[in-house]
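Order-wise, the sequence lines are chains U and X.
Counting in our numbering, the first sequence runs from 237 upward without gaps.
Counting in our numbering, the second sequence runs from 59 upward without gaps.
Yeah, the Cβ is synthetic: ideal placement off N, Cα and C, and Gly gets one too.
A short write-up of the structure that comes next.
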Amino acid sequence: MNPQIYHDEWEEKIVARAMQELNEEERTLLDQHLESCASCSQELQEYNFLVRRLHATEKDIIVPEPSPELMALQQEVARSSIQQEAQRVVEQAFTQNREEEPEDLLSSRSVMVPGSSMRGMLHAQVSRLNERAVIADLQENRNSEYWQVCRLYIEHIVKSDHHSGLLEYLKEDVVQETLISVFTHLRTFSYKGQFTTWLMIIARIRLNDAIRRQQRIKRHETDLEFLLKEEEEAKDSRVLSNPPEEAALINEQLQASLEAMQAFLWKQKGRDRMILQQVFFDGHGYRQTARLIGIPVSTIGHTIHAAREYVKNALEET
Amino acid sequence: MESDNSFEKLIERALFDPDSLRQLHRRIYHFHLWFLGDVLDAQDTTQDTLMTFLQKHTEVRDRSCLKAWLMRVAHNKAMDRLRRRRPELSLDKIESPDESPLCEFLASTDVYDMPEEVLERQEFNPLVLTALKALPDKHRSCLILRFVQELSSEEIALLHGLCTEQVRRIIRSAKTRFAIAYTQLVSEQLEKERGQDS
Numbered sequence: 237m238n239p240q241i242y243h244d245e246w247e248e249k250i251v252a253r254a255m256q257e258l259n260e261e262e263r264t265l266l267d268q269h270l271e272s273c274a275s276c277s278q279e280l281q282e283y284n285f286l287v288r289r290l291h292a293t294e295k296d297i298i299v300p301e302p303s304p305e306l307m308a309l310q311q312e313v314a315r316s317s318i319q320q321e322a323q324r325v326v327e328q329a330f331t332q333n334r335e336e337e338p339e340d341l342l343s344s345r346s347v348m349v350p351g352s353s354m355r356g357m358l359h360a361q362v363s364r365l366n367e368r369a370v371i372a373d374l375q376e377n378r379n380s381e382y383w384q385v386c387r388l389y390i391e392h393i394v395k396s397d398h399h400s401g402l403l404e405y406l407k408e409d410v411v412q413e414t415l416i417s418v419f420t421h422l423r424t425f426s427y428k429g430q431f432t433t434w435l436m437i438i439a440r441i442r443l444n445d446a447i448r449r450q451q452r453i454k455r456h457e458t459d460l461e462f463l464l465k466e467e468e469e470a471k472d473s474r475v476l477s478n479p480p481e482e483a484a485l486i487n488e489q490l491q492a493s494l495e496a497m498q499a500f501l502w503k504q505k506g507r508d509r510m511i512l513q514q515v516f517f518d519g520h521g522y523r524q525t526a527r528l529i530g531i532p533v534s535t536i537g538h539t540i541h542a543a544r545e546y547v548k549n550a551l552e553e554t
Numbered sequence: 059m060e061s062d063n064s065f066e067k068l069i070e071r072a073l074f075d076p077d078s079l080r081q082l083h084r085r086i087y088h089f090h091l092w093f094l095g096d097v098l099d100a101q102d103t104t105q106d107t108l109m110t111f112l113q114k115h116t117e118v119r120d121r122s123c124l125k126a127w128l129m130r131v132a133h134n135k136a137m138d139r140l141r142r143r144r145p146e147l148s149l150d151k152i153e154s155p156d157e158s159p160l161c162e163f164l165a166s167t168d169v170y171d172m173p174e175e176v177l178e179r180q181e182f183n184p185l186v187l188t189a190l191k192a193l194p195d196k197h198r199s200c201l202i203l204r205f206v207q208e209l210s211s212e213e214i215a216l217l218h219g220l221c222t223e224q225v226r227r228i229i230r231s232a233k234t235r236f237a238i239a240y241t242q243l244v245s246e247q248l249e250k251e252r253g254q255d256s
């Protein structure tokens, strides 16, 4: 071997050149040095020889497949880590929300957005697990574990909305509707933004729809109650102003009405019969009845109106 | 070969993506095969390394260190395996290898004097692994990490607890030692062939 004077400052560049790691500019600079330095040229030849030998041998290596145990362990680790993370994220988010002070209905839209820490954590989790792979799995596999994570995340967004006054059973509907929307539109996800943000936007749209629906029903209910109250007051004032003979007549009419109502009741089936029973015989209000049966107050109004029409006709006939 | 950045991404993806795990398995297997020079040992240590990786990756708080941690695990597993074996052909015992009588003798004739077409004959490829086995562990490890795993000198320094300059010196020395061992093995092989011919 010839005695060589090493140029330490070029050593790393020479190795990089042998590894084809230099850019055009660096290569030109090194070539200029090599033209005037025999020892560095020799050094490069030696590294080239080494790299050629290693790469030639590398091609001959047959790599075995990873063992089934290893692949099974990977699946298990991936599954458990995502479940743990989702559980932790949801628990932490709910703990945070319990500590929050309730706000009025008008500010509900702002509090519907989950805590940034939760989004960050879930996003970090999804990023770590490669967003594209997660979405591909969601698209291909209806039973994917990731659907459970999406459900937990959507549930968190919807259920952390404590301030809009949305009824709990309606929140369940919102979660289902959001999941269906996500499933339907998953192929249109463009990867321009974060997947978690996309999920949150859909959940918020569905949540706002549900809140609007509920508010509309509430307005109808209030209008109906107001009308009914007015009618009751007018009836009471009529009764109080009537002399005794007129009161007896009214009693007779009331008795006839009651009988007509009973006859009408027996003709009804299922839900309508239950409504009439709750309102006329058990003395429940419209709103209370609507909640008990789980239907809108307007439906109660329609049924009662039909019953009154029947009684009115029956009284006119007698 | 992938860049360092994509190697890091590959490690992250390998936690849940089977194809990425296969690619990572390939890289770690290469490291172990080059380092240990034995297929069965390489299979075992690769399996152990990746099992440890999957089971304990959560202990690595700083995810940017995951690559360094994985390579450290791979290196330690290989060293454990080596300790269980009896050394076969090693220059470990030589304290100043570049000044040893063997090296002086070999240095007296230029190892690169042998024609390239002879040195680079395909049937001599298995001798590369044998020549690597003749290097001291640290030299072999640095050489493989730099030229096969494509880690930078700084990353190798971090992995071995050395300074970058030491790593460069080791690589330079390892390159010469490899050339000496390989040329010697080729010469022996050629002599055998000549003996068979005659």
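Problem set entry | Coil, strand or helix - X:Arg-252 by DSSP | Reduced to three states, the DSSP call for X:Arg-252 is helix.
For this session: Write down the C-beta distance between U:Ala-461 and U:Tyr-522 rounded to the nearest angstrom, noting that I regard them as a contact closer than 8 Å.
Result: Correcting the residue identity first, residue 461 of chain U is Glu in this sequence and not Ala. At roughly 7 Å, the Cβ-Cβ gap stays under 8 Å, so U:Glu-461 and U:Tyr-522 are in contact.
Exercise. Along chain C, in chain order, which residues have C-beta atoms closer than 8 Å to that of U:Ala-314?
Worked result: Looking for chain C here will not work: the only protein chains present are U and X.
For this session: Establish whether the CB of U:Ala-292 and some CB of chain X are separated by less than 8 Å.
Result: At least one chain X Cβ lies under 8 Å of U:Ala-292.
Problem set entry | Selection from X:His-133, X:Leu-248, X:Glu-212, X:Arg-142 that minimises the alpha carbon distance to X:Trp-92 | Of the candidates X:His-133, X:Leu-248, X:Glu-212, X:Arg-142, the one whose C-alpha sits nearest the C-alpha of X:Trp-92 is X:His-133.
For this session: For my contact list, U:Phe-431 and U:Ile-371 are in at a C-beta cut-off of 8 Å; report their separation, rounded to the angstrom.
Result: Taking the Cβ atoms as the reference, U:Phe-431 lies roughly 6 Å from U:Ile-371, within the contact range of under 8 Å.
Exercise. Going along chain U, which residues have a C-beta under 8 Å from X:Ser-245?
Worked result: X:Ser-245 does not reach chain U, its nearest Cβ partner there being about 15 Å away, counting only Cβ pairs nearer than 8 Å.
Exercise. Does the stretch 97-108 of chain X touch the stretch 535-545 of chain U, meaning 3 or more C-beta pairs lie closer than 8 Å?
Worked result: Taking a cut-off of 8 Å on C-beta distances, the stretch 535-545 of chain U does not touch the stretch 97-108 of chain X, as fewer than three cross pairs fall below it.
Problem set entry | Partner residues on chain X for U:Ala-369, Cβ-Cβ distance less than 8 Å | Going along chain X in sequence order, the residues near U:Ala-369 (Cβ under 8 Å) are Arg-71, Phe-74, Asp-75.
Exercise. Are the CB atoms of X:Leu-68 and X:Met-129 nearer to each other than 8 Å?
Worked result: Contact: no.
Exercise. Given a limit of 9 Å on CB to CB distance, which residues of the stretch 282-307 of chain U reach chain X?
Worked result: Under the 9 Å Cβ criterion, the stretch 282-307 of chain U contributes Glu-282, Tyr-283, Phe-285, Leu-286, Val-287, Arg-288, Arg-289, Leu-290, His-291, Ala-292, Thr-293, Glu-294, Lys-295, Asp-296, Ile-297, Ile-298, Val-299, Pro-300, Glu-301, Pro-302, Ser-303, Glu-305, Leu-306, Met-307.
Exercise. Taking C-alpha atoms, which residue in U:Ile-511, U:Glu-545, U:Arg-263 lies nearest to U:Ile-529?
Worked result: For U:Ile-529, the nearest C-alpha among the options comes from U:Ile-511.
For this session: Write down the C-beta distance between U:Ala-292 and X:Asn-183 rounded to the nearest angstrom, noting that I regard them as a contact closer than 8 Å.
Result: At roughly 6 Å, the Cβ-Cβ gap stays under 8 Å, so U:Ala-292 and X:Asn-183 are in contact.
For this session: Give the straight-line distance between the Cα atoms of X:Leu-243 and U:Arg-263, rounded to the nearest whole angstrom.
Result: Distance between the alpha carbons of X:Leu-243 and U:Arg-263: 34 Å.
Exercise. Are the C-beta of X:Met-137 and some C-beta of chain U separated by less than 8 Å?
Worked result: Output row for X:Met-137: interface = no.
Problem set entry | Limits of the alpha helix (DSSP H) - the one that X:Asp-75 falls within | For X:Asp-75, no alpha helix (DSSP H) segment is defined, and its DSSP state is neither H nor E.
Exercise. Chain X beta carbons: is any one of them nearer than 8 Å to that of U:Gln-514?
Worked result: When Cβ-Cβ separations below 8 Å define contact, U:Gln-514 makes no contact with chain X.
Problem set entry | C-beta neighbour in chain X for U:Leu-309, strict 8 Å | Yes - at least one Cβ of chain X is within 8 Å of the one on U:Leu-309.
For this session: Have a look at X:Gln-105 and X:Tyr-240 and give me their C-alpha separation to the nearest angstrom.
Result: Taking the straight line joining both Cα atoms gives about 30 Å.
Exercise. Exposed or buried, what is U:Asp-508 when buried is set at 16 or more other beta-carbons lying within 10 Å of its beta-carbon?
Worked result: It counts as buried.
For this session: For chain U, find out if any of its Cβ atoms is closer than 8 Å to the Cβ of X:Lys-233; answer yes or no.
Result: With 8 Å as the cut-off, X:Lys-233 counts as an interface residue toward chain U.
Exercise. What number of angstroms, rounded off, separates the C-alpha of U:Ser-534 from the C-alpha of U:Glu-457?
Worked result: Between U:Ser-534 and U:Glu-457, the alpha-carbon positions lie close to 7 Å from each other.
Exercise. Is there a Cβ from chain U that is less than 8 Å from the Cβ of X:Ile-228?
Worked result: With a threshold of 8 Å between beta carbons, X:Ile-228 makes no contact with chain U.
For this session: Please work out which residues of its chain come closer than 7 Å, Cβ to Cβ, to X:Phe-65, disregarding the five sequence neighbours upstream and downstream, and give them in chain order.
Result: Lys-125, listed in sequence order.
Problem set entry | Chain-order list of residues whose beta-carbon lies under 7 Å from that of X:Ile-202 (same chain, five-residue window excluded) | Taken in chain order, the residues that qualify are Phe-89, Trp-92, Phe-93.
Exercise. What do you get for U:Glu-247, buried or exposed, if any count of 16 or more other CB atoms within 10 angstroms of its CB means buried?
Worked result: Label assigned to U:Glu-247: buried.
Problem set entry | C-alpha gap between U:Gln-281 and U:Ile-297, whole angstroms | Cα-Cα distance, rounded: 25 Å.
Problem set entry | Partner residues on chain U for X:Gln-105, Cβ-Cβ distance less than 9 Å | In chain order: Pro-302, Ser-303, Glu-305, Leu-306.
Problem set entry | Simplified DSSP assignment, three categories, for U:Ser-272 | Here U:Ser-272 sits in helix by DSSP.
Exercise. Can you give the Cα-Cα distance for U:Pro-300 and X:Leu-248, rounded to whole angstroms?
Worked result: Going from the Cα of U:Pro-300 to the Cα of X:Leu-248 covers about 32 Å.
Exercise. Can you round the beta-carbon distance between U:Ile-390 and U:Leu-415 to whole angstroms, since I take them to be within the 8 Å contact cut?
Worked result: The Cβ separation is near 6 Å, so the contact holds.
Problem set entry | Inter-residue spacing [alpha-carbon to alpha-carbon] between U:Phe-425 and U:Cys-386 | U:Phe-425 and U:Cys-386 have their C-alpha atoms spaced approximately 15 Å apart.
Exercise. Using 8 Å as the limit for Cβ to Cβ distance, is U:Glu-381 near chain X?
Worked result: Not one chain X Cβ lies under 8 Å of U:Glu-381.
Problem set entry | U:Leu-528 Cβ short of 7 Å to the ligand NAP heavy atom set | The ligand NAP is absent from the structure shown, which contains no ligand whatsoever.
For this session: Hey, could you find the ends of the alpha helix (DSSP H) U:Gln-412 is sitting in?
Result: In the DSSP assignment, U:Gln-412 falls within the unbroken alpha helix (DSSP H) covering 404-421.
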